[in-house]
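Undergrad:
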Amino acid sequence: MKRILGTAAALAAAAALVAGCGDSTDTASPGLSPSASGSGVSGPITVFAAASLTESFGTLGKQFEAAHPGTTVRFNFAASSALAQSITQGAPADVFASASATNMKQVTDAIDPKTFANNVMEIAVPPDNPGRVAAVADLARPGLKVALCQAQVPCGATAQAVFAKQRLTVKPVTLGADVKSVLTQVQLGEVDAGVVYKTDVRAAGSKVTGIEIPADQNASTSYPIATLKAAPNPAGAAAFVAYVLSADGEKVLTAAGFAGP
Amino acid sequence: MRRRSAAPWPLAVPALIAIAFLLLPLVGLVARAPWRTLPSLLSDPTVGQALRLSLVTATLATAVSLLVGVPLAWVLARVRFPGRSVLRALVTLPLVLPPVVGGVALFLALGRRGLVGQYLDRWFGLTIPFTPAAVVLAETFVAMPFLVVAVEGALRAADPRFEEASATLGASRWTTFRRVTLPMIGPSVLAGAVLCWARALGEFGATITFAGNFPGRTQTMPIAVYLALETDPDAAIALSLVLLAVSLLILVSLRDRVLRAGTGGRAGPPWRRA
């Protein structure tokens, strides 16, 4: 739900940007990147991106639109596994940004995927920490209500890798369809803890408390991005991928908490 | 005189389009079914778990709906009080409310931090979300109005003279309800219960929101289908076939008894009467 609203807000903001083009001088202009300026990029660009990219790509989309007047970036944020499946089924996407190499490989249509970021896991608990969670080992405590992502979703697979390192068996009460649904359940206080990405904890602000997992216990996942063979807007797709991989893109991703590729 | 069996083309052509539209997806499901791997796909233990959970929770949701929904229908149809039409609109709201919204609302009411749920948690240590009970509640919330609407319609259409006769003979309202009213509207109650059960069986949005998803505990068939589609489309088709078979079985076995007898032989089934 939140994601849909977020997307709607991003679209509304995009519409406002386009509508107010004549007098908009207040937008943070990151400057035209040399690769894209004058390349005649225009029209809608449809980006299928992992749910954990909701905030950072939302920002990148707005900056891209400001740098390339005449373009609108439309996002579909969901679990990478779900996105890979819908692209395989023929969903009209220009760009796919996945939260794991596994899901990128499922899309045979992807042209030359490039890793643009890395992410690690973190424990999210409600601000009052009702389960008194302090470390990963606490998640195996009986009676503690834990939400995880499903195993086929990157955040679920990476969380399992963390548990495997510690030889822990965590019995969750529910398996979220994507990382944001796990985060929502933590925010609502319906679970005592959820294992999400470091970037999700940062994006949630004060609504959840993050408990960092020490590097030697943690696991990471890499984010590849690629244009798609059947892209309706190939020029726009290439420009957007270039923007994500540019220094401007890296700045936004680093601010959101992602590690470099 | 023209034969009346020939449909004029302005009606026949759209009707054919409607038939094709309704049946084509089902044909697609059957045509694309992985028949050869079907046994191995369906022997996965999570399939049995999901099917059992779906059947049990839908039946419990129907039982709860009968227990409190039939009395509610009676109150709406037989007791006059101010604000009755507003109340009727409110309790049938889940008919038109998107189920996901129902799930969110259930969280806010019965969740661990919810309006009522926080006291259940504090006083009794009871938390409802992510349990099979949450599945039953979500299904009941979405499905009960179907039963209420069906039964209330039947009560309004029932001839009041029988109840009046019962009353003049000295029967109390409760006895009259038990011995006269209930037998009279029995077929409509059954029809409503079947609709309610079918709606509960197919429930997805409120369930995944309020009860979450965990194999064997809260993962019902529709949720299993949806999630299987992300990883193994063949498994999703196999699961869909099972649900299709269950639905067909119910429809065929109850068709005569419900769709026709549900009228009490009078004015058509309640959902048609509306």
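Residue numbers (the numbering used here), protein chains in the order written: chain A, 390 to 650; chain B, 556 to 829. Virtual Cβ for every residue (Gly too), placed ideally from N, Cα, C.
Can you list, in chain order, the residues of its chain whose CB lies under 6 Å from that of B/L750, leaving out five sequence neighbours each side?
TA: These residues qualify, in order along the chain: F701.
Undergrad: Is A/L537 helix, strand or coil when you go by DSSP?
TA: In this structure, A/L537 counts as strand in the three-state DSSP scheme.
Undergrad: Quick one: which residues of the stretch 663–690 of chain B get their C-beta closer than 7 Å to a C-beta of chain A? List them in chain order.
TA: Going along the stretch 663–690 of chain B in chain order, one finds G666, R667, R668, P684, F685 with a Cβ nearer than 7 Å to chain A.
Undergrad: Assess, as a yes-or-no matter, whether the stretch 741–756 of chain B is touched by the stretch 586–593 of chain B under the definition of 3 or more beta carbon pairs within less than 8 Å.
TA: Taking 8 Å as the limit for Cβ pairs, the verdict is that the stretch 741–756 of chain B does not touch the stretch 586–593 of chain B.
Undergrad: For the stretch 600–609 of chain B and the stretch 769–789 of chain B, state whether three or more C-beta atom pairs, one from each stretch, are separated by less than 8 Å.
TA: Taking 8 Å as the limit for Cβ pairs, the verdict is that the stretch 769–789 of chain B does touch the stretch 600–609 of chain B.
Undergrad: If we call anything under 9 Å between Cβ atoms a contact, is B/G767 one with A/Q576?
TA: No. Outside cutoff.
Undergrad: State yes or no: is the beta carbon of B/G767 nearer than 9 Å to at least one beta carbon in chain A?
TA: Yes, its Cβ sits closer than 9 Å to a Cβ of chain A.
Undergrad: Just to confirm, are B/A912 and B/A698 a CB contact at a threshold of 9 Å?
TA: Within the shown structure, residues of chain B are numbered from 556 to 829, placing residue 912 of chain B beyond reach of any answer.
Undergrad: For a test of the three-state rule: what should DSSP assign to A/F437, helix, strand or coil?
TA: Three-state DSSP puts A/F437 in a strand.
Undergrad: Are A/T435 and A/N607 touching if we call contact CB-CB under 9 Å?
TA: No; because the gap between Cβ atoms is not below 9 Å, this pair is not in contact.
Undergrad: Would you kindly report the start and end of the unbroken alpha helix (DSSP H) that includes A/N492?
TA: Unbroken alpha helix (DSSP H) run through A/N492: 490–495.
Undergrad: Rounded to a whole number of angstroms, what is the C-alpha to C-alpha distance between A/A631 and A/S470?
TA: Rounded to whole angstroms, A/A631 to A/S470 spans 24 Å at the Cα level.
Undergrad: Could you name the residues of chain B that A/Q549 contacts, counting a contact when the two beta carbons are closer than 7 Å?
TA: Going along chain B, no residue has its Cβ under 7 Å from A/Q549, so there is no contact; the nearest lies around 15 Å.
Undergrad: Under 9 Å, Cβ to Cβ, is there at least one residue of chain A near B/P788?
TA: At least one chain A Cβ lies under 9 Å of B/P788.
Undergrad: Using the DSSP secondary-structure output, state which residues sit across from A/N507 in a beta bridge.
TA: A/N507 is bridged to A/S611, A/A648.
Undergrad: Kindly indicate the opening and closing residues of the beta strand (DSSP E) around A/G583.
TA: 582–586 is the extent of the beta strand (DSSP E) around A/G583.
Undergrad: Taking A/V484 as part of the beta strand (DSSP E), name the residues at either end of that continuous run.
TA: 484–486 is the extent of the beta strand (DSSP E) around A/V484.
Undergrad: Can you give me the C-alpha to C-alpha distance between B/L631 and B/P563, rounded to a whole angstrom?
TA: Whole-angstrom Cα-Cα distance: 43 Å.
Undergrad: With 9 Å set as the bound, which would you pick, yes or no: does the beta-carbon of B/L794 sit closer than that to a beta-carbon of chain A?
TA: Judged by the 9 Å Cβ criterion, B/L794 is not in contact with chain A.
Undergrad: Taking a cut of 9 Å between CB atoms, which residues from the stretch 482–513 of chain A lie near chain B?
TA: Of all residues in the stretch 482–513 of chain A, none has a Cβ within less than 9 Å of some Cβ in chain B.
Undergrad: Who are the neighbours of A/G583 on chain B, taking C-beta pairs under 7 Å?
TA: Correct list: empty, because the minimum Cβ distance to chain B is about 12 Å.
Undergrad: Tell me the DSSP secondary structure of A/I476 in three-state form.
TA: Reduced to three states, the DSSP call for A/I476 is helix.
Undergrad: State the Cα-Cα distance for the pair A/V584 and B/A713, rounded to the nearest angstrom.
TA: Straight-line Cα distance between these residues: approximately 57 Å.
Undergrad: Can you pull the DSSP bridge partners for A/R463?
TA: According to DSSP, which records beta bridges pairwise, A/R463 is partnered with A/T435.
Undergrad: Is B/L782 close to chain A? Criterion is C-beta to C-beta, closer than 9 Å.
TA: Yes, because at least one Cβ of chain A sits closer than 9 Å to the Cβ of B/L782.
Undergrad: List, from N- to C-terminal side, the alpha helix (DSSP H) runs of 4 residues or more that fit wholly inside the stretch 747–804 of chain B.
TA: List check, alpha helix (DSSP H) in window: 760–765, 776–786.
Undergrad: Closer than 8 Å between beta carbons: that is the criterion. Which residues of the stretch 554–571 of chain A meet it against chain B?
TA: Listed in sequence order: P561, V562, T563, L564, G565, A566.
Undergrad: I'd like the list of long-range same chain contacts for B/F759, defined as Cβ closer than 6 Å, with 5 residues on each side in sequence excluded.
TA: Hits under 6 Å: P777.
Undergrad: Using the Cα positions of A/S475 and B/E785, report the straight-line distance between them to the nearest angstrom.
TA: Going from the Cα of A/S475 to the Cα of B/E785 covers about 8 Å.
Undergrad: Quick check on A/S445: buried or exposed, where buried means 16 or more other Cβ atoms within 10 Å of its Cβ?
TA: Buried: at least 16 other Cβ atoms inside 10 Å.
Undergrad: Please confirm whether A/A529 has its beta-carbon closer than 9 Å to some beta-carbon of chain B.
TA: By this cut-off, A/A529 is not an interface position.
Undergrad: With C-beta atoms as the reference, is A/C544 less than 9 Å away from A/T610?
TA: Yes, these two residues count as a Cβ contact at 9 Å.
Undergrad: Rounded to a whole number of angstroms, what is the C-alpha to C-alpha distance between A/T598 and A/V525?
TA: Distance between the alpha carbons of A/T598 and A/V525 is about 14 Å.
Undergrad: Per DSSP, which residues does A/G599 bridge with? Please list them.
TA: In DSSP, A/G599 forms a bridge with A/A513.
Undergrad: Are B/L597 and B/L794 close, meaning C-beta to C-beta below 9 Å?
TA: Yes, these two residues count as a Cβ contact at 9 Å.
Undergrad: Going by C-alpha distance, which of A/P613, A/L617, A/F437 is nearest A/G649?
TA: With distances taken between Cα atoms, A/G649 lies closest to A/P613.
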